[in-house]
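Take a look at the structure set out below.
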DNA sequence: AATCCCGTAACTCTTTTGGGTGACCGTCGT
DNA sequence: ACGACGGTCACCCAAAAGAGTTACGGGATT
């Protein structure tokens with residue numbers, strides 16, 4: 005019984021990952037967890053063959069969860085997932101014993117290939133890689149500016165106010181807004197903010 | 005060492021509660037948890053004298069957490085918190101052994117009085133009550149309609165679309181929107197959606 | 001009985017938003 | 001060297017949003 009545990013605090017990402025992993029040949033069961041605590045709690049009763057876990061999670065972070073998991077079970081195979089470029093977290097996690105990481109921009113095929121390989125070879129370690137985006141259904145990658153603008157929106161600021169805050173013209177803010185709407189598939193700023201929360205891009 | 009554990013999945017509500025409880029005379033320590041799992045995990049090592057817990061939480065719900073907590077420790081004193089009128093949940097929780105409940109509209113004074121009393125008398129059970137709002141810093145109470153409108157916004161619908169969906173005129177939707185903005189302290193719909201997420205009013 | 005809140009709706013007026021388009025400049029990777 | 005992308009800015013234009021105000025009927029509370 006080959007089972008994989010997917011852990012991500014964002015419901016949207018979690019579901020997308022679950023569905024993607026479920027299509028991997030040989031995988032019979034995919035369970036999900038929303039945070040590190042849940043992973044640890046579940047690990048006692050129900051060990052999966054592979055864990056895919058987001059680096060950045062509220063509460064117990066991904067790195068700390070890796071540490072605790074491996075101290076409890078040195079054989080656990082863990083692959084970290086990362087949305088943004090928080091390579092620090094990834095590096096720490098790999099140093100702590102994670103088998104490697106996948107950028108969330110990885111294609112669905114890439115993800116499946118990686119999971120397949122990790123399941124087939126218990127000693128396998130991932131060579132860092134990243135590919136195109138959106139195919140996997142993972143969180144769209146927003147640029148730093150776009151996230152700043154999205155955060156401004158989530159604080160109720162108008163485009164003009166965001167511009168003043170970031171020393172940009174209102175027109176530039178509007179450009180960033182339009183681009184991030186497109187990436188998120190949002191129809192307006194309220195929708196964008198909601199998707200930002202659901203994807204875990206803002207808090 | 006009198007300590008109280010506050011459990012609510014919404015960060016804003018959690019902080020508001022923590023601060024309110026911390027002002028109660030005799031309370032020396034207030035710890036927080038974001039969900040039922042965390043409460044149970046923490047309970048093993050660190051028992052508080054009183055637990056304030058939201059009824060509605062993701063994952064392990066409040067009611068189920070009460071059950072497990074009491075089966076592990078029949079002496080645990082738990083007061084449920086409820087945002088909306090989900091009296092079903094409250095009734096179940098009280099039936100399961102919670103000492104009573106507080107509506108989140110309770111005033112700060114009300115909350116403090118209740119906590120004081122619950123701490124003073126181990127056998128005490130709360131008589132159901134509810135008071136004015138916003139004093140405690142808890143989530144503003146939105147009406148059913150207002151929440152429906154807010155949800156529509158979070159799905160990227162325009163006022164006109166929301167109106168069509170709910171069989172209301174666009175003007176009526178705008179009225180609900182204006183009222184919920186006022187309650188939440190939101191400057192626009194994007195802000196309202198963000199606050200809705202932070203308060204745990206929408207997902 | 002008086003009052004408050006909710007739901008419904010309309011009207012006006014100003015501000016903001018969002019789409020479309022074009023443009024210039026760096027940087028990075030090929 | 002070329003192209004893609006990100007960041008910057010501008011202009012036009014139609015649609016939407018938000019503020020203010022008024023109003024009426026129905027519950028619930030006092």
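Residue numbers (this note's numbering), protein chains in the order written: chain A, 5 to 207; chain B, 5 to 207.
We put the CB at the ideal spot given by N, CA and C, even for glycine.
- By the Cβ-count criterion, residue 118 of chain B is buried, with 16 or more other Cβ atoms from all chains shown falling within 10 Å of its own Cβ.
- Residues of chain B with a Cβ closer than 8 Å to the Cβ of residue 66 of chain A do not exist, since the nearest Cβ in that chain sits about 16 Å away.
- Straight-line spacing of the CA atoms in residue 76 of chain B and residue 13 of chain B works out to 22 Å.
- By the beta-carbon neighbour count (other beta carbons within 10 angstroms, threshold 16), residue 124 of chain B is exposed.
- For the region 153-169 of chain A, the set of residues with a beta-carbon nearer than 7 Å to any beta-carbon of chain B comprises 157, 158, 159 and 160, in chain order.
- If you look at residue 168 of chain B, you'll find it in the alpha helix (DSSP H) that goes 163-170.
- Those residues of the region 69-88 of chain B placed with their C-beta closer than 7 Å to a C-beta in chain A do not exist.
- Under the Cβ criterion of 9 Å, residue 191 of chain B is counted among the residues facing chain A.
- Listed as beta-bridge partners of residue 8 of chain B by DSSP are B:34 and B:54.
- Take the alpha-carbon of residue 86 of chain A and the one of residue 60 of chain A: they are about 7 Å apart.
- Membership of residue 199 of chain A in any beta strand (DSSP E) is not indicated; the residue belongs instead to the alpha helix (DSSP H) covering 193-202.
- Residues of the same chain with a CB within less than 6 Å of the CB of residue 157 of chain B, apart from the 5 flanking positions on each side, are 193 and 197 in chain order.
- The secondary-structure analysis by DSSP pairs residue 85 of chain B across a beta bridge with B:58 and B:106.
- Look at residue 180 of chain A: its C-beta is not under 9 Å from any C-beta on chain B.
- Using a CB distance cut-off of 9 Å, residue 10 of chain A does not count as an interface residue toward chain B.
- Excluding the 5 residues flanking it on each side, residue 150 of chain B has same chain C-beta neighbours closer than 6 Å at 180 and 184, in chain order.
- Between residue 70 of chain A and residue 82 of chain A, the beta carbon gap of about 6 Å places them in contact (Cβ cut-off 8 Å).
- Residue 41 of chain A reaches chain B at 41, 42 and 45, counting residues in chain order whose Cβ is nearer than 7 Å.
- Beyond the five residues adjoining it in sequence on each side, residue 34 of chain A comes within less than 8 Å, by CB distance, of 7, 8, 9, 10, 22, 25 and 26 in the same chain, given in chain order.
- At a C-beta separation below 7 Å, residue 197 of chain B has these neighbours in chain A: 194, 197 and 198.
- Within 10 angstroms of the beta-carbon of residue 32 of chain A lie fewer than 16 other beta-carbons, which makes it exposed.
- Excluding its 5 nearest sequence neighbours in each direction, residue 160 of chain B has no C-beta neighbour in its own chain below 6 Å.
- Spatial neighbours of residue 169 of chain B in its own chain (CB-CB distance under 8 Å, excluding positions within 5 residues in sequence) are listed in chain order as 156 and 161.
- If you compare the alpha carbons of A:43, A:122 and A:171 with that of residue 28 of chain A, the shortest gap goes to A:122.
- Where residue 175 of chain B is concerned, the enclosing alpha helix (DSSP H) starts and stops at 174-188.
- Residue nearest to residue 186 of chain B within the set B:207, B:145 and B:172 is B:145 (criterion: CA-CA distance).
- The alpha-carbon of residue 42 of chain A is positioned some 12 Å away from that of residue 49 of chain A.
- Annotation for residue 49 of chain B: the continuous alpha helix (DSSP H) segment containing it runs 40-49.
- By the Cβ neighbour-count rule, residue 36 of chain A is buried, with 16 or more other Cβ atoms within 10 Å of its own.
- In the DSSP assignment, residue 148 of chain A falls within the alpha helix (DSSP H) that extends over 148-158.
- In this structure, B:154 is the residue among B:154, B:199 and B:190 with its C-alpha nearest to the C-alpha of residue 177 of chain B.
- Rounded to the nearest angstrom, the gap between the Cα atoms of residue 72 of chain B and residue 44 of chain B is 8 Å.
- Residue 119 of chain B sits in a helix when the DSSP states are folded into three classes.
- Residue 69 of chain B sits in a helix when the DSSP states are folded into three classes.
- In the displayed model, residue 20 of chain A falls within a helix according to three-state DSSP.
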